[in-house]
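Note sheet for the following structure.
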Amino acid sequence: MLRFFCRGQFMQHFLDIESLSTQDITALLNRALWFKQKNFPYPPVHSPGLVNLFYENSTRTRVSFELAAKYLSIPVINFSLSNASLSKGETIEDTITNLVAMGINLFVIRHSENFFAANIANHIGNAAHIINAGDGTHAHPSQALLDLMTIYEKKPVLSDLKIAIVGNIKHSRVANSLQVLFKKVGVKQLKLIAPPIWQTEKAHFGHITDSMKEGLQDADVVICLRVQKERLLENECLDYSTYRKDFALTPSTLCFAHPQALVLHPGPLNRGLEIDSLVADGAQSCILQQVKNGVLMRMAIIESLLGMS
Ligand code: CP
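In this note's numbering, the protein residues as written are 1 to 309.
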């Protein structure tokens with residue numbers, strides 16, 4: 001059980017899990033749970049506006065940041081990259097500086113390059129708050145926190161939990177952020193299951209295996225990752241029918257885990273590849289709870305950043 005119940009230090013930027021203290025994590029978790037209990041209407045916060053700046057496609061993260069901001073009474077601009085002056089040669093730094101001059105003080109950024117949001121944060125300093133909504137294979141901190149919230153609601157004694165993450169560990173920013181987060185909150189055991197070519201050389205936390213049977217054994221939580229075809233180099237491609245046979249989360253592989261194991265997936269799902277519909281839509285699935293919690297966790301993140309404004 002997480003013991004602290006306090007607001008952490010306010011943050012200037014939200015870039016990765018490494019920068020959060022245990023108190024910050026606990027405060028965000030408690031605030032998101034409080035939003036869930038409270039329901040509409042939510043207390044408004046003051047911000048002239050939030051810009052969603054997504055260089056990569058997104059459904060869940062982009063829409064949930066938009067909803068989160070709107071629930072807090074913040075105007076939202078979904079910035080269209082194709083219509084922007086970036087296409088005339090303006091740098092992203094200049095674009096953001098101009099938007100700050102108009103009063104925007106929150107930027108939600110997704111990009112395929114590792115540390116893209118952190119580099120923008122370095123440039124902008126205290127002039128605005130930068131939120132990393134996923135950068136390359138590096139980090140997806142808001143996803144990790146909403147996953148923790150979903151687990152905590154059903155299984156709050158984190159120090160007792162055996163968690164397994166299965167899939168493309170090497171290219172997964174979600175797996176990276178989750179490893180750091182699970183270590184910080186004191187999860188008992190983490191197994192990282194992947195075929196050798198999709199394993200990391202060194203895990204932040206957890207034991208790496210290529211055996212579903214070993215990795216899922218008695219797991220209380222199973223987190224299935226998307227096969228990220230778009231990030232694979234030529235020599236990292238696998239035969240997908242072999243992958244499916246050896247690593248898919250199906251009713252029979254799920255049997256290796258605890259009978260009441262929770263099933264999570266960050267989405268989007270490749271049904272019939274990394275996860276079967278019978279599992280994704282089954283009684284143990286928490287996938288739609290993750291999506292619902294995503295809005296509430298992102299409200300907590302935005303509110304926490306604005307505490308500094
Ligand atoms: N989990 C996640 O990041 O989903 P989207 O790509 O739809 O935002």
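No residue lacks a Cβ here, since even glycine has one placed at the ideal position from N, Cα and C.
Sub-8 Å separation of Arg60 and Val279 beta-carbons: As a first step, residue 60 must be located in the sequence shown, where it is residue number 60. As a first step, residue 279 must be located in the sequence shown, where it is residue number 279. No; because the gap between Cβ atoms is not below 8 Å, this pair is not in contact.
Arg110 - containing beta strand (DSSP E), residue span: As a position in the sequence shown, residue 110 is number 110, starting the count at 1. Leu106 to His111 is the span of the beta strand (DSSP E), which, as asked, contains Arg110.
Contact set for Asp246: own chain, Cβ-Cβ below 6 Å, skip 5 residues either direction: Taking the sequence shown and counting its residues from 1, one reaches residue 246 at position 246. Once the five neighbours on either side are set aside, Asp246 has no close Cβ partner at all.
Inter-residue CB distance, Val51 and Ile74 (contact presumed, cutoff 8 Å): Your numbering for residue 51 matches position 51 in the sequence shown. Your numbering for residue 74 matches position 74 in the sequence shown. Their Cβ separation, rounded to whole angstroms, is 11 Å, which puts Val51 and Ile74 out of contact at 8 Å.
Own chain partners of Met212 with C-beta closer than 8 Å, once the 5 adjacent residues on each side are dropped: For the purposes of this step, residue 212 is taken as the residue at position 212 of the sequence shown. Hits under 8 Å: Val166, Ile193, Asp246, Phe247, Thr253 and Phe256.
heavy atom of ligand 1 below 7 Å from Arg271 C-beta: Along the sequence shown, read from residue 1 onward, the residue named residue 271 stands at position 271. Not so, every heavy atom of ligand 1 lies at least 7 Å from the Cβ.
Ligand 1 site residues, beta-carbon cut 5 Å against heavy atoms: Result: Ser58, Thr59, Arg60, Thr61, Pro266 and Gly267.
CB-CB length for Leu29 against Met149, believed under 8 Å: Mapped onto the sequence shown, residue 29 falls at position 29. Mapped onto the sequence shown, residue 149 falls at position 149. Confirmed, about 6 Å.
Limits of the beta strand (DSSP E) - the one that Phe116 falls within: Here residue 116 refers to the residue found at position 116 of the sequence shown. Premise fails: Phe116 lies in the alpha helix (DSSP H), Phe116 to Ile124, not in any beta strand (DSSP E).
Simplified DSSP state of Gln290, which is helix, strand or coil: The count along the sequence shown starts at 1 and reaches residue 290 at position 290. Residue state, collapsed to three classes: helix.
Inter-residue spacing [alpha-carbon to alpha-carbon] between His258 and Ile109: Stepping through the sequence shown from its first residue, residue 258 is reached at position 258. Stepping through the sequence shown from its first residue, residue 109 is reached at position 109. The straight-line gap from Cα to Cα measures roughly 37 Å.
Beta-carbon spacing of Asn132, Leu15 below 8 Å: By one-based count along the sequence shown, residue 132 stands at place 132. By one-based count along the sequence shown, residue 15 stands at place 15. Against a cut-off of 8 Å, the Cβ pair of Leu15 and Asn132 comes out as a contact.
Terminal residues of the alpha helix (DSSP H) in which Phe182 lies: Working through the sequence shown from its first residue, we reach residue 182 at position 182. Here the alpha helix (DSSP H) through Phe182 covers Arg173 to Val185.
Inter-residue spacing [alpha-carbon to alpha-carbon] between Val45 and Ser277: Within the sequence shown, residue 45 is the residue found at index 45, counting from 1. Within the sequence shown, residue 277 is the residue found at index 277, counting from 1. Roughly 40 Å between the two C-alpha positions.
Continuous alpha helix (DSSP H) assignments of at least 4 residues falling wholly in the stretch 60-106: Fully enclosed alpha helix (DSSP H) runs of no fewer than 4 residues occupy 60-71 and 92-101 of the stretch 60-106, in order along the chain.
Buried versus exposed call for Leu233 [16 or more other C-beta atoms within 10 Å across all chains shown]: Locating residue 233 in the sequence shown gives position 233, counting from the first residue. Under this definition Leu233 is an exposed residue.
Inter-stretch contact at 8 Å, needing at least 3 Cβ pairs: the stretch 117-130 / the stretch 143-157: no
Length of the line joining the Cα atoms of Gln217 and Gly89: To locate residue 217, count along the sequence shown from 1; it is residue 217. To locate residue 89, count along the sequence shown from 1; it is residue 89. About 53 Å.
Same chain, Cβ closer than 8 Å to Leu106, five either side skipped, listed in chain order: Residue mapping note: residue 106 aligns to position 106 of the sequence shown, counting from 1. Cβ neighbours of Leu106 beyond the five flanking positions: Ser47, Gly49, Leu50, Val51, Ala69, Ile74, Ala128, His129, Ile131, Ile302, Leu305 and Leu306.
Cβ neighbours of Ser112 in the same chain (closer than 7 Å, five flanking residues each side left out): To locate residue 112, count along the sequence shown from 1; it is residue 112. The residues are Tyr55, Glu56 and Gly136.
Contact check, Val180 vs His207, beta carbons under 8 Å: Within the sequence shown, the letter at position 180 stands for residue 180. Within the sequence shown, the letter at position 207 stands for residue 207. No, Cβ-Cβ distance for Val180 and His207 is not below 8 Å.
Residues of its chain near Pro41, where Cβ-Cβ distance is below 8 Å and the 5 sequence neighbours each way are ignored: The residue given as residue 41 occupies position 41 in the sequence shown. Cβ within range, chain order: n/a, list empty.
Short Cβ contact (8 Å threshold) for Leu346 with Phe115: Residue 346 lies beyond the residue range present for the chain, which begins at 1 and ends at 309; the question has no answer from this structure.
Beta-carbon proximity of His171 to Arg231, cut-off 8 Å: As a first step, residue 171 is located in the sequence shown; it is residue number 171 there, counting from the start. As a first step, residue 231 is located in the sequence shown; it is residue number 231 there, counting from the start. A contact, by the Cβ cut-off of 8 Å.
Host beta strand (DSSP E) of Thr137 (start-end): As a working mapping, residue 137 is identified with position 137 in the sequence shown. Note, Thr137: premise wrong, no beta strand (DSSP E); not H, not E.
Distance between Ala219 and Ala164 (C-alpha atoms, nearest Å): Numbered from 1 along the sequence shown, position 164 holds the residue referred to as residue 164. Numbered from 1 along the sequence shown, position 219 holds the residue referred to as residue 219. Linking Ala164 to Ala219 through their CA atoms gives a straight-line distance of about 6 Å.
Segment limits, beta strand (DSSP E) that includes Gln189: Taking the sequence shown and counting its residues from 1, the one referred to as residue 189 is at position 189. The continuous beta strand (DSSP E) containing Gln189 extends over residues Gln189 to Ile193.
Of the residues Cys237, Leu238 and Val227, the one placed nearest Leu249, counting alpha carbons only: As a first step, residue 249 must be located in the sequence shown, where it is residue number 249. The shortest Cα separation from Leu249 among Cys237, Leu238 and Val227 belongs to Val227.
Secondary structure of Ile197, DSSP reduced to three states: Position 197 of the sequence shown holds residue 197. Helix.
Phe54 - DSSP class collapsed to helix/strand/coil: Position 54 of the sequence shown, counted from the first residue, corresponds to residue 54. Note: Phe54 maps to strand in three-state DSSP.
As assigned by DSSP and simplified to three states, the class of Ala27: As a first step, residue 27 must be located in the sequence shown, where it is residue number 27. Correct three-state label for Ala27: helix.
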